[in-house]
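Q: Following this message is one structure expressed as structure tokens.
Residue numbers (our numbering): 6 to 203.
This is the structure we're talking about:
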């Protein structure tokens, strides 16, 4: 007699879903604050598990930083991650959810995911976390990028123009990134103050 082969679930076979981890997150009873990165953008969603399937309460796509708030730099670096987390946190509060649990694929100290988490916490969300995981304030403001740009401009101007071509095309000097970060941060906070979220 030939034995039957039991295949695991398709999403498990493809490496898309870790069902043990998903079960733990769902049993917490809190909505999941999910963070996903593509090559160019960040997608942040607040997802609630329901019997009929997951329900997205609110979401934020980092492309909106440039279209709504005037962000001119990359939409996937550490400063953009922090600002994305800040906006996603404010949107969650506007939707009436102030407590969630973090759902990310890989996580570690100083990762961009931790910058997103820091932004959400600064917005007023309550998400369980450890205190030693966040990037420094200077990295969140983009000072490391500004320092690298200044060094590269002195050492190899041609490489500087190629490496920061998208910044220069939008008339943003990469050395002024911390100042630009502060401007966009203030614009985000002001917009949510006008809505009455803060």
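Note that the Cβ used here is the ideal one computed from N, Cα and C, for glycine as well.
#1: Measuring alpha carbon to alpha carbon, tell me which residue in 16, 98 and 150 is nearest residue 131.
#2: Should residue 84 go down as buried or exposed, given a rule of 16 or more other Cβ atoms within 10 Å for buried?
#3: I'd like the ranges of any beta strand (DSSP E) spanning at least 3 consecutive residues and lying wholly in the stretch 84 to 111.
#4: Is the stretch 13 to 33 touching the stretch 89 to 97 in the sense that three or more CB pairs, one from each, lie closer than 8 Å?
#5: Can we say the stretch 63 to 76 touches the stretch 44 to 55, given the rule of at least three CB pairs closer than 8 Å?
#6: Taking only three categories from DSSP, how would you classify residue 204?
#7: Thinking C-beta only, is residue 120 closer than 8 Å to residue 145?
#8: Under the rule that 16 or more other beta-carbon atoms within 10 Å means buried, what is residue 122, buried or exposed?
#9: Taking C-alpha atoms, which residue in 20, 153 and 195 lies nearest to residue 180?
#10: For residue 101, does the count of other Cβ atoms within 10 angstroms reach 16, so buried, or fall short, so exposed?
#11: What does the alpha-carbon distance come out to for the pair residue 142 and residue 177?
#12: Determine the contact status of residue 151 and residue 182, defining contact as a CB-CB distance below 8 Å.
#13: Report the option in 111, 87, 110 and 148 whose CA atom is closest to the CA atom of residue 127.
A: Taking the geometry as given:
#1: Sorting 16, 98 and 150 by C-alpha distance to the C-alpha of residue 131 places 98 at the top.
#2: Residue 84 is buried by the Cβ-count criterion.
#3: If we require 3 residues or more, the beta strand (DSSP E) runs fully inside the stretch 84 to 111 come out as 106 to 108.
#4: As far as the Cβ criterion goes, the stretch 89 to 97 does not touch the stretch 13 to 33, which means the pair count is below three.
#5: In short, these stretches touch, since the Cβ pair count reaches three.
#6: The requested residue 204 does not occur in the structure, where the chain is confined to residues 6 to 203.
#7: Going by C-beta atoms, residue 145 is nearer than 8 Å to residue 120.
#8: With 16 or more other Cβ atoms inside 10 Å of its own Cβ, residue 122 counts as buried.
#9: The option with the nearest alpha carbon to residue 180 is 153.
#10: Flag for residue 101 reads exposed.
#11: Their Cα atoms are separated by approximately 21 Å.
#12: In contact: residue 151 and residue 182 (Cβ atoms closer than 8 Å).
#13: Comparing Cα positions, the closest option is 87.
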